[in-house]
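All letters in the sequence shown, in the order written, are residues -19 to -1, 1 to 206 by mature numbering (1 follows the signal peptide of the UniProt record, and there is no 0).
Since the structure comes first, as C-alpha cells, the remarks are kept for the end.
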Amino acid sequence: MKSLSYLLLFLVGFNSGLAQTKELLKGFTYIKAQIPDIKLDIRYAGSNNFIGKPVDAYHQPAGILTKIATEALATAQKDLMSQGFCLKIFDAYRPQTAVNHFIEWARNPGDTLTKSKFYPEIAKKDLFQLGYIASKSGHSRGSTVDLTILNANTGKELDMGSGYDFFGDISHHNTDKITKEQKANRSLLKRIMIKNGFRPYPEEWWHYTLRNEPYPETYFDFPVR
C-alpha cells in the first residue's frame, strides 16, 4: 500500500510538471530545464527588489526565455564554466502585468521604502523621465535577460561595482566610478554575452537582449509560474 502511495505522489508531481510546461507559449522554455547548472535569483518573485515586495504576475521564482535565447545563453554558460565561472539570472521574461505594476509603483510618490538601496540619489518622480521605468520592457518580448557572474567554486558573485537594479550612473557601462577589477568583471560578462549573440544595454551592466530575437514587436503577458 505504501508503494502505491509513493507511486501516486510521483505521478501527481510528474503531471504537475507537464502542466507547468504546457502553460508556456510555443517558442518559450524554462531556463533551468535547459541549463541545469545555471543559478536563478528571480528578484521580482520576492521582496529584494526596488518595489520591496513580490511583483504582480511573478507567481514562482522561475526563469523563462524564448528557446532561441535560452540556447544562446547555454553556450555563454558553457564558456564561463570552462573558466571556473557561472551565470546567475536575476530576471528573464517579464509579463506586461509586471511592467504595469512598476508604473503604478512609480506614480506613488509616498512609497519610498527602497530608496536608500536602489535609488538614493534620484527623486522618484524623475524615474520615468530618466528612463528607469517605462511603459514597455524588452523583457516582455521574451529574449532579454538580467544576469551576473558567480565564482563556480565559491558561489560568490563577482564584484560589478553596483547592485542589480541600482538606479544611477554607476550602473552604466561607461561609468568612471568603479575600480579596475569591477570594470574587468563587467567586461568579462559583456564579452561572453556579445560573443554568444546578445547586445548590452548601455545604462545597465546586467541587461542583455538577444540580437536576433524571435518576437521583436510582441509584448507577452502570460504569468511567471
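Yeah, the Cβ is synthetic: ideal placement off N, Cα and C, and Gly gets one too.
Computed from a predicted structure; not experimentally measured.
query                                                                                                                                                                            : result
Please state if the CB of serine 116 and the CB of threonine 190 are separated by a distance shorter than 8 Å.                                                                   : no
Please report the straight-line C-alpha distance between isoleucine 114 and lysine 106, rounded to a whole angstrom.                                                             : 10 Å
Grab the span of the alpha helix (DSSP H) containing aspartate 60 for me, first residue to last.                                                                                 : 48 to 62
Let's test the definition: count the other Cβ atoms within 10 Å of the Cβ of glutamate 194 and tell me whether it reaches 16, buried, or not, exposed.                           : buried
Consult DSSP for phenylalanine 179 and reduce its assignment to one of helix, strand or coil.                                                                                    : strand
Just reading off the alpha helix (DSSP H) that histidine 82 is part of, what are its end residues?                                                                               : 77 to 87
Closest to glycine 144 by CA distance: which of Thr160, Lys98, Leu170 and Ile70 is it?                                                                                           : Lys98
Can you check DSSP and say which residues form a bridge with tyrosine 189?                                                                                                       : Val126 and Pro181
Bridge partners for leucine 5 per DSSP, in chain order?                                                                                                                          : Answer is none; leucine 5 lacks a bridge partner.
Cβ of residue 263 within 8 Å of Cβ of threonine 93?                                                                                                                              : The requested residue 263 is not part of the displayed model; the chain covers only -19 to 206.
How far does the beta strand (DSSP E) with phenylalanine 71 in it extend, from its first residue to its last?                                                                    : 66 to 72
With 16 other CB atoms within 10 Å as the buried threshold, where does asparagine 166 fall?                                                                                      : buried
Tell me whether the region 5 to 23 and the region 60 to 74 touch, counting them as touching only if at least three CB pairs, one residue from each stretch, are closer than 8 Å. : yes
Determine whether the Cβ of serine 121 lies closer than 8 Å to any Cβ atom of chain D.                                                                                           : Chain labels in this structure do not include chain D; a single protein chain is all it has.
Isoleucine 32 by DSSP, collapsed to three states: which one?                                                                                                                     : coil
For methionine -19, count neighbouring C-beta atoms within 10 Å of its own C-beta (all shown protein chains included) and say buried if the count is 16 or more, exposed if not. : Residue placement at methionine -19 is poorly supported in this model, since its pLDDT is 42, which falls under 50; the coordinates still yield a value, given next. Exposed, by the Cβ-count rule.
Does the distance from the CB of aspartate 37 to the CB of histidine 82 come in under 8 Å?                                                                                       : yes
Which residue comes first and which comes last in the alpha helix (DSSP H) that contains lysine 98?                                                                              : 96 to 99
Consult DSSP for residue 208 and reduce its assignment to one of helix, strand or coil.                                                                                          : A query on residue 208 cannot be resolved here, the shown segment of the chain reaching from -19 to 206 and no further.
In or out: proline 183 buried (at least 16 other Cβ within 10 Å) or exposed?                                                                                                     : exposed
Using C-beta distances below 6 Å, list every residue in its chain close to glutamate 138, excluding the 5 sequence neighbours before and after it, in chain order.               : Thr129 and Leu131
Buried or exposed: leucine 6, going by 16 or more other Cβ atoms within 10 Å of its Cβ?                                                                                          : exposed
Do isoleucine 175 and aspartate 60 have their C-beta atoms within less than 8 Å of each other?                                                                                   : no
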